[in-house]
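Letter 220 of the sequence shown, counting from 1, is numbered 219 in numbering that gives the first Met the number 0, and no numbers are missing. Working notes, beginning with the structure itself.
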Amino acid sequence: MNKAKYITDVPKDREEAIGVIESKRPKIIFVLGDIDTGKSTLITYLANKLIETFKIGIIDADIGQKGILPPTTISLTFPRDKFTSFSELKAEKSYFIGSTTPNQFFGEMVAGLKRLVDLSTQRADIILVDLTGYVHGQGAELKRLKIETVKPDLILALQRRNELENILKPFKNKIEIINLEVSKDAKIHEPSERRRIRREKWKAYFQNSKTYRLSLNDYIISGTQLFQGRELTKEELEMLGNLFKWLVFYGEKMGEKYIAVKADLEHYSRQIDKRVLHYIDFEKLSNLLVGLIDEDGFCIGVGILKLINFREKWIEVLAPLSEEEMKKVREIRFGRIRVREDGEELGLIDRGAI
(Lines of atoms letter the chains of each structure in order from A and count residues from 1; the text may use other names and numbers.)
(Lines give C-alpha, C1' and ligand atoms only; values in the text may rest on other atoms or scores of the structure.)
Protein backbone atom coordinates (compact mmCIF):
# COMPACT_ATOMS: atom_id res chain seq x y z
CA MET A 1 0.00 0.00 0.00
CA ASN A 2 2.95 2.34 0.59
CA LYS A 3 5.68 3.03 -1.94
CA ALA A 4 8.47 3.44 0.62
CA LYS A 5 10.14 0.51 2.37
CA TYR A 6 13.15 0.28 4.66
CA ILE A 7 16.18 -0.74 2.62
CA THR A 8 19.85 -0.95 3.53
CA ASP A 9 21.31 -0.94 0.01
CA VAL A 10 21.51 2.82 -0.38
CA PRO A 11 23.83 5.34 -2.07
CA LYS A 12 26.98 6.14 -0.10
CA ASP A 13 25.90 9.74 0.51
CA ARG A 14 23.16 8.51 2.91
CA GLU A 15 25.85 7.36 5.35
CA GLU A 16 27.57 10.72 5.00
CA ALA A 17 24.28 12.45 5.83
CA ILE A 18 23.91 10.23 8.91
CA GLY A 19 27.41 11.33 9.99
CA VAL A 20 26.49 15.01 9.69
CA ILE A 21 23.27 14.49 11.65
CA GLU A 22 24.98 12.57 14.43
CA SER A 23 27.74 15.15 14.80
CA LYS A 24 25.77 18.39 14.38
CA ARG A 25 22.42 17.19 15.77
CA PRO A 26 20.08 19.38 13.68
CA LYS A 27 16.66 19.61 15.33
CA ILE A 28 14.46 20.00 12.24
CA ILE A 29 15.33 18.29 8.96
CA PHE A 30 13.38 18.90 5.75
CA VAL A 31 13.56 16.22 3.05
CA LEU A 32 12.96 17.95 -0.27
CA GLY A 33 12.56 16.35 -3.67
CA ASP A 34 10.43 16.03 -6.79
CA ILE A 35 7.82 13.30 -7.25
CA ASP A 36 9.23 9.76 -6.98
CA THR A 37 12.70 10.72 -5.76
CA GLY A 38 12.51 8.52 -2.66
CA LYS A 39 11.74 11.05 0.10
CA SER A 40 9.77 8.65 2.29
CA THR A 41 12.30 5.88 1.70
CA LEU A 42 15.10 8.21 2.78
CA ILE A 43 13.25 9.22 5.95
CA THR A 44 12.54 5.58 6.76
CA TYR A 45 16.25 4.82 6.38
CA LEU A 46 17.37 7.81 8.46
CA ALA A 47 14.86 7.13 11.24
CA ASN A 48 15.88 3.49 11.55
CA LYS A 49 19.55 4.45 11.71
CA LEU A 50 19.05 7.22 14.26
CA ILE A 51 16.32 5.78 16.48
CA GLU A 52 18.71 3.91 18.79
CA THR A 53 20.49 7.15 19.72
CA PHE A 54 17.86 9.87 19.36
CA LYS A 55 14.17 10.42 20.02
CA ILE A 56 12.75 10.75 16.51
CA GLY A 57 9.70 12.61 15.30
CA ILE A 58 8.35 12.19 11.76
CA ILE A 59 5.98 14.60 10.05
CA ASP A 60 4.29 13.24 6.93
CA ALA A 61 3.27 16.34 4.97
CA ASP A 62 2.93 14.61 1.58
CA ILE A 63 -0.86 14.81 1.36
CA GLY A 64 -0.91 13.50 -2.23
CA GLN A 65 0.80 10.19 -1.43
CA LYS A 66 0.08 9.97 2.28
CA GLY A 67 2.00 7.27 4.10
CA ILE A 68 0.77 7.84 7.67
CA LEU A 69 -3.04 7.79 7.75
CA PRO A 70 -5.47 9.51 7.71
CA PRO A 71 -5.37 10.82 4.14
CA THR A 72 -5.61 14.57 3.33
CA THR A 73 -3.91 15.51 6.58
CA ILE A 74 -0.41 16.38 7.77
CA SER A 75 0.51 13.84 10.44
CA LEU A 76 3.00 13.67 13.29
CA THR A 77 4.28 10.47 14.85
CA PHE A 78 7.04 9.39 17.22
CA PRO A 79 8.27 5.90 16.28
CA ARG A 80 9.55 3.96 19.28
CA ASP A 81 11.07 1.04 17.40
CA LYS A 82 12.48 0.33 13.97
CA PHE A 83 9.90 0.04 11.18
CA THR A 84 9.85 -0.95 7.53
CA SER A 85 7.15 1.38 6.18
CA PHE A 86 5.20 4.51 7.10
CA SER A 87 2.05 2.36 7.06
CA GLU A 88 3.19 0.79 10.35
CA LEU A 89 3.18 4.17 12.08
CA LYS A 90 0.17 5.70 13.79
CA ALA A 91 -0.40 9.44 13.80
CA GLU A 92 -0.38 11.01 17.24
CA LYS A 93 -1.51 14.39 15.94
CA SER A 94 -2.89 15.41 12.54
CA TYR A 95 -3.82 18.68 10.88
CA PHE A 96 -6.68 18.63 8.36
CA ILE A 97 -6.01 19.97 4.85
CA GLY A 98 -9.02 18.36 3.16
CA SER A 99 -7.50 17.73 -0.26
CA THR A 100 -4.94 15.49 -1.93
CA THR A 101 -3.35 18.48 -3.63
CA PRO A 102 -1.93 21.57 -1.89
CA ASN A 103 -2.65 23.87 -4.83
CA GLN A 104 -5.42 25.94 -3.19
CA PHE A 105 -4.41 25.30 0.41
CA PHE A 106 -1.11 27.09 0.96
CA GLY A 107 -2.32 28.62 4.22
CA GLU A 108 -3.37 25.29 5.69
CA MET A 109 -0.22 23.54 4.49
CA VAL A 110 2.07 26.09 6.14
CA ALA A 111 0.00 26.55 9.31
CA GLY A 112 -0.46 22.82 9.83
CA LEU A 113 3.23 22.07 9.34
CA LYS A 114 4.29 24.86 11.71
CA ARG A 115 1.89 23.71 14.42
CA LEU A 116 3.09 20.11 14.24
CA VAL A 117 6.75 21.10 14.17
CA ASP A 118 6.26 23.26 17.26
CA LEU A 119 4.53 20.36 18.98
CA SER A 120 7.19 17.83 18.00
CA THR A 121 10.13 19.87 19.27
CA GLN A 122 8.88 19.33 22.82
CA ARG A 123 9.27 15.56 22.56
CA ALA A 124 11.84 14.70 19.88
CA ASP A 125 15.57 15.29 19.47
CA ILE A 126 15.31 15.17 15.67
CA ILE A 127 12.25 15.85 13.52
CA LEU A 128 12.26 14.45 9.98
CA VAL A 129 9.79 16.21 7.66
CA ASP A 130 8.54 14.50 4.49
CA LEU A 131 7.36 17.25 2.13
CA THR A 132 5.24 16.91 -1.00
CA GLY A 133 6.78 16.42 -4.45
CA TYR A 134 5.13 19.66 -5.56
CA VAL A 135 8.30 21.61 -6.42
CA HIS A 136 7.60 23.42 -9.70
CA GLY A 137 5.65 26.62 -10.36
CA GLN A 138 3.45 27.37 -7.37
CA GLY A 139 4.97 24.37 -5.64
CA ALA A 140 8.30 26.17 -5.44
CA GLU A 141 6.56 29.10 -3.74
CA LEU A 142 4.94 26.76 -1.23
CA LYS A 143 8.32 25.23 -0.37
CA ARG A 144 9.80 28.69 0.08
CA LEU A 145 7.00 29.64 2.48
CA LYS A 146 7.49 26.46 4.49
CA ILE A 147 11.24 26.98 4.76
CA GLU A 148 10.85 30.65 5.73
CA THR A 149 8.18 29.85 8.32
CA VAL A 150 9.62 26.73 9.96
CA LYS A 151 13.34 27.56 9.54
CA PRO A 152 14.72 23.99 9.39
CA ASP A 153 18.27 23.38 10.59
CA LEU A 154 19.09 21.08 7.68
CA ILE A 155 17.65 20.43 4.21
CA LEU A 156 18.33 17.11 2.49
CA ALA A 157 17.76 17.77 -1.21
CA LEU A 158 17.13 14.80 -3.49
CA GLN A 159 17.90 15.96 -7.04
CA ARG A 160 18.17 14.19 -10.36
CA ARG A 161 19.70 17.27 -11.97
CA ASN A 162 19.18 20.78 -10.61
CA GLU A 163 15.38 20.92 -10.32
CA LEU A 164 15.49 22.23 -6.75
CA GLU A 165 17.99 25.04 -7.23
CA ASN A 166 15.38 27.80 -7.55
CA ILE A 167 13.97 26.74 -4.18
CA LEU A 168 17.32 26.32 -2.46
CA LYS A 169 19.16 29.37 -3.78
CA PRO A 170 17.75 31.94 -1.29
CA PHE A 171 18.72 29.73 1.66
CA LYS A 172 22.22 28.56 0.74
CA ASN A 173 24.00 30.91 3.13
CA LYS A 174 21.37 30.62 5.87
CA ILE A 175 20.55 26.92 6.22
CA GLU A 176 22.80 23.89 5.82
CA ILE A 177 21.88 21.99 2.66
CA ILE A 178 23.10 18.54 1.68
CA ASN A 179 22.47 17.43 -1.89
CA LEU A 180 21.78 13.71 -2.24
CA GLU A 181 21.55 11.64 -5.37
CA VAL A 182 18.29 9.96 -6.29
CA SER A 183 18.68 6.23 -5.86
CA LYS A 184 18.78 4.17 -9.03
CA ASP A 185 16.08 2.03 -7.42
CA ALA A 186 13.63 4.94 -7.07
CA LYS A 187 10.55 3.86 -8.99
CA ILE A 188 8.52 6.19 -11.22
CA HIS A 189 4.80 5.76 -10.57
CA GLU A 190 2.27 6.54 -13.29
CA PRO A 191 -0.80 8.61 -12.31
CA SER A 192 -2.96 5.48 -12.51
CA GLU A 193 -0.68 3.73 -10.04
CA ARG A 194 -0.81 6.70 -7.69
CA ARG A 195 -4.62 6.61 -7.81
CA ARG A 196 -4.58 2.88 -7.08
CA ILE A 197 -2.30 3.38 -4.07
CA ARG A 198 -4.53 6.18 -2.76
CA ARG A 199 -7.61 4.00 -3.27
CA GLU A 200 -6.05 1.27 -1.11
CA LYS A 201 -5.24 3.81 1.61
CA TRP A 202 -8.76 5.26 1.63
CA LYS A 203 -10.24 1.76 1.82
CA ALA A 204 -7.92 0.76 4.64
CA TYR A 205 -8.67 3.92 6.58
CA PHE A 206 -12.47 3.62 6.36
CA GLN A 207 -12.50 -0.05 7.22
CA ASN A 208 -14.66 -0.72 10.30
CA SER A 209 -16.28 2.74 10.09
CA LYS A 210 -19.53 3.68 11.75
CA THR A 211 -22.19 6.21 10.74
CA TYR A 212 -22.83 9.02 13.24
CA ARG A 213 -25.74 11.46 13.18
CA LEU A 214 -24.47 14.86 14.28
CA SER A 215 -26.50 17.96 15.09
CA LEU A 216 -25.01 20.97 13.34
CA ASN A 217 -26.00 23.12 16.31
CA ASP A 218 -23.56 21.21 18.52
CA TYR A 219 -20.43 21.94 16.45
CA ILE A 220 -18.45 24.75 14.92
CA ILE A 221 -18.87 24.47 11.14
CA SER A 222 -15.92 25.62 9.04
CA GLY A 223 -14.40 25.21 5.59
CA THR A 224 -17.62 26.27 3.90
CA GLN A 225 -19.76 29.34 3.37
CA LEU A 226 -22.77 27.40 4.63
CA PHE A 227 -24.23 27.84 8.11
CA GLN A 228 -22.61 31.23 8.60
CA GLY A 229 -25.52 33.57 7.83
CA ARG A 230 -29.26 34.10 8.17
CA GLU A 231 -31.39 31.25 6.89
CA LEU A 232 -33.60 32.24 3.96
CA THR A 233 -37.35 32.27 4.31
CA LYS A 234 -39.61 29.98 2.32
CA GLU A 235 -40.53 32.94 0.11
CA GLU A 236 -36.88 33.74 -0.62
CA LEU A 237 -36.16 30.12 -1.51
CA GLU A 238 -39.12 30.07 -3.89
CA MET A 239 -37.98 33.33 -5.46
CA LEU A 240 -34.52 31.91 -6.24
CA GLY A 241 -36.03 28.68 -7.52
CA ASN A 242 -38.46 30.44 -9.85
CA LEU A 243 -35.86 32.93 -11.06
CA PHE A 244 -33.21 30.37 -12.02
CA LYS A 245 -35.32 27.22 -12.54
CA TRP A 246 -33.67 25.50 -9.58
CA LEU A 247 -34.79 23.14 -6.87
CA VAL A 248 -33.40 25.05 -3.89
CA PHE A 249 -32.73 22.82 -0.89
CA TYR A 250 -31.36 25.47 1.42
CA GLY A 251 -30.24 29.08 1.43
CA GLU A 252 -28.72 31.81 3.55
CA LYS A 253 -27.94 35.48 3.33
CA MET A 254 -24.71 37.03 4.60
CA GLY A 255 -24.73 40.79 4.31
CA GLU A 256 -26.01 41.46 0.81
CA LYS A 257 -24.95 38.08 -0.61
CA TYR A 258 -27.23 35.08 -1.07
CA ILE A 259 -26.02 31.48 -0.82
CA ALA A 260 -28.13 28.66 -2.25
CA VAL A 261 -27.79 24.87 -2.34
CA LYS A 262 -29.56 23.78 -5.49
CA ALA A 263 -30.15 21.27 -8.27
CA ASP A 264 -30.99 22.33 -11.82
CA LEU A 265 -34.56 21.73 -12.99
CA GLU A 266 -33.67 22.93 -16.48
CA HIS A 267 -30.26 22.93 -18.13
CA TYR A 268 -29.36 26.25 -19.71
CA SER A 269 -26.74 28.95 -19.32
CA ARG A 270 -27.49 31.39 -16.49
CA GLN A 271 -26.00 34.85 -16.02
CA ILE A 272 -25.31 35.17 -12.29
CA ASP A 273 -23.48 37.95 -10.48
CA LYS A 274 -21.32 35.99 -8.03
CA ARG A 275 -20.95 39.06 -5.87
CA VAL A 276 -24.67 38.82 -5.16
CA LEU A 277 -25.36 35.08 -5.32
CA HIS A 278 -23.18 32.05 -4.59
CA TYR A 279 -24.70 28.70 -5.51
CA ILE A 280 -23.63 25.23 -4.45
CA ASP A 281 -24.58 22.16 -6.46
CA PHE A 282 -26.20 19.72 -4.07
CA GLU A 283 -24.31 16.77 -5.56
CA LYS A 284 -20.99 18.30 -4.49
CA LEU A 285 -21.95 17.65 -0.88
CA SER A 286 -22.47 13.94 -1.48
CA ASN A 287 -19.57 11.80 -0.17
CA LEU A 288 -17.65 14.97 0.70
CA LEU A 289 -14.71 14.49 3.04
CA VAL A 290 -14.94 16.33 6.37
CA GLY A 291 -12.39 16.81 9.11
CA LEU A 292 -13.41 16.04 12.69
CA ILE A 293 -11.51 18.59 14.74
CA ASP A 294 -10.78 18.76 18.47
CA GLU A 295 -10.75 21.79 20.76
CA ASP A 296 -7.09 22.49 19.93
CA GLY A 297 -7.66 22.58 16.17
CA PHE A 298 -6.12 19.18 15.45
CA CYS A 299 -7.83 16.51 13.39
CA ILE A 300 -9.06 13.49 15.36
CA GLY A 301 -10.08 11.75 12.14
CA VAL A 302 -11.74 12.29 8.79
CA GLY A 303 -15.21 11.25 7.76
CA ILE A 304 -17.45 11.06 4.71
CA LEU A 305 -20.58 13.20 4.58
CA LYS A 306 -23.33 10.73 3.69
CA LEU A 307 -26.49 12.71 4.33
CA ILE A 308 -27.46 16.24 5.22
CA ASN A 309 -30.84 17.37 6.54
CA PHE A 310 -31.06 21.13 6.12
CA ARG A 311 -34.46 21.47 7.73
CA GLU A 312 -33.59 19.71 10.97
CA LYS A 313 -29.90 20.73 10.88
CA TRP A 314 -28.18 17.38 11.17
CA ILE A 315 -25.74 15.40 9.08
CA GLU A 316 -24.71 11.76 8.90
CA VAL A 317 -20.96 11.16 8.76
CA LEU A 318 -19.20 7.84 8.20
CA ALA A 319 -15.98 7.71 10.24
CA PRO A 320 -13.63 5.08 11.71
CA LEU A 321 -13.82 6.65 15.18
CA SER A 322 -15.06 5.28 18.46
CA GLU A 323 -17.84 6.83 20.53
CA GLU A 324 -15.22 8.17 22.95
CA GLU A 325 -13.23 9.76 20.13
CA MET A 326 -16.38 11.37 18.71
CA LYS A 327 -17.05 13.00 22.07
CA LYS A 328 -13.83 14.99 21.60
CA VAL A 329 -14.98 16.52 18.29
CA ARG A 330 -15.72 20.24 18.56
CA GLU A 331 -15.59 21.32 14.91
CA ILE A 332 -16.64 19.87 11.55
CA ARG A 333 -14.49 21.20 8.72
CA PHE A 334 -15.55 20.69 5.10
CA GLY A 335 -12.88 19.34 2.77
CA ARG A 336 -12.58 19.54 -1.01
CA ILE A 337 -12.52 15.96 -2.19
CA ARG A 338 -15.36 13.49 -2.65
CA VAL A 339 -14.55 9.87 -1.88
CA ARG A 340 -16.40 6.65 -1.19
CA GLU A 341 -15.60 4.31 1.67
CA ASP A 342 -14.45 1.67 -0.83
CA GLY A 343 -11.62 4.04 -1.73
CA GLU A 344 -12.94 5.33 -5.03
CA GLU A 345 -12.21 9.04 -5.46
CA LEU A 346 -15.13 10.94 -6.99
CA GLY A 347 -13.19 14.10 -7.71
CA LEU A 348 -11.69 17.24 -6.25
CA ILE A 349 -13.79 20.36 -5.72
CA ASP A 350 -12.62 23.92 -6.25
CA ARG A 351 -12.01 25.74 -2.97
CA GLY A 352 -14.63 28.36 -3.75
CA ALA A 353 -17.30 25.84 -4.74
CA ILE A 354 -18.77 25.35 -1.29
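We put the beta carbon where it would ideally sit given N, CA and C, even for glycine.
(request) Tell me whether residue 29 sits in a helix, a strand or coil according to DSSP, three-state version. (result) strand
(request) Note down the Cα distance separating residue 285 from residue 293, rounded to an integer number of angstroms. (result) Residue 285 and residue 293: Cα-Cα distance of roughly 24 Å.
(request) Could you check what DSSP says for residue 161 in three-state terms: helix, strand or coil? (result) coil
(request) Assign residue 308 to one of three DSSP states: helix, strand, or coil. (result) strand
(message) Can you list, in chain order, the residues of its chain with a C-beta nearer than 6 Å to that of residue 177? Leave out the 5 residues immediately preceding and following it.
(response) 16 and 155
(request) Within its chain, find whatever has a CB closer than 6 Å to the CB of residue 346; leave out the 5 residues flanking it on each side and keep chain order. (result) 337
(message) Can you tell me whether residue 252 is helix, strand or coil according to DSSP?
(response) strand
(request) Indicate the three-state DSSP secondary structure (helix, strand or coil) for residue 348 in the structure shown. (result) coil
(request) Could you spell out the range, first to last residue, of the beta strand (DSSP E) harbouring residue 127? (result) 125-129
(message) Please report the distance separating the alpha-carbon of residue 38 from that of residue 256.
(response) 46 Å
(request) Taking the CB atoms as reference points, tell me whether residue 102 and residue 137 lie closer together than 8 Å. (result) A contact, by the Cβ cut-off of 8 Å.
(request) Taking 8 Å as the cut-off, decide whether the C-beta atoms of residue 291 and residue 298 are in contact. (result) yes
(request) Please work out which residues of its chain come closer than 6 Å, Cβ to Cβ, to residue 331, disregarding the five sequence neighbours upstream and downstream, and give them in chain order. (result) 218, 220 and 289
(message) Could you give the first and the last residue of the continuous beta strand (DSSP E) run that contains residue 46?
(response) Run containing residue 46: none in the beta strand (DSSP E); it sits in the alpha helix (DSSP H), 38-49.
(request) Rank 158, 160 and 128 by C-alpha distance to the C-alpha of residue 145 and give the top, closest one. (result) 128
(request) Assign residue 117 to one of two classes, buried (16 or more other C-beta atoms within 10 Å of its C-beta) or exposed (fewer than that). (result) exposed
(request) Helix, strand or coil for residue 258, going by three-state DSSP, please let me know. (result) strand
(request) Would you check if the distance between the CB atom of residue 71 and the CB atom of residue 301 is smaller than 8 Å? (result) yes
(request) Label residue 322 either buried or exposed according to how many other C-beta atoms from any shown protein chain fall within 10 Å of its C-beta, with 16 as the threshold for buried. (result) Residue environment: residue 322 is assigned as exposed (fewer than 16 neighbouring CB atoms within 10 Å of its CB, all protein chains considered).
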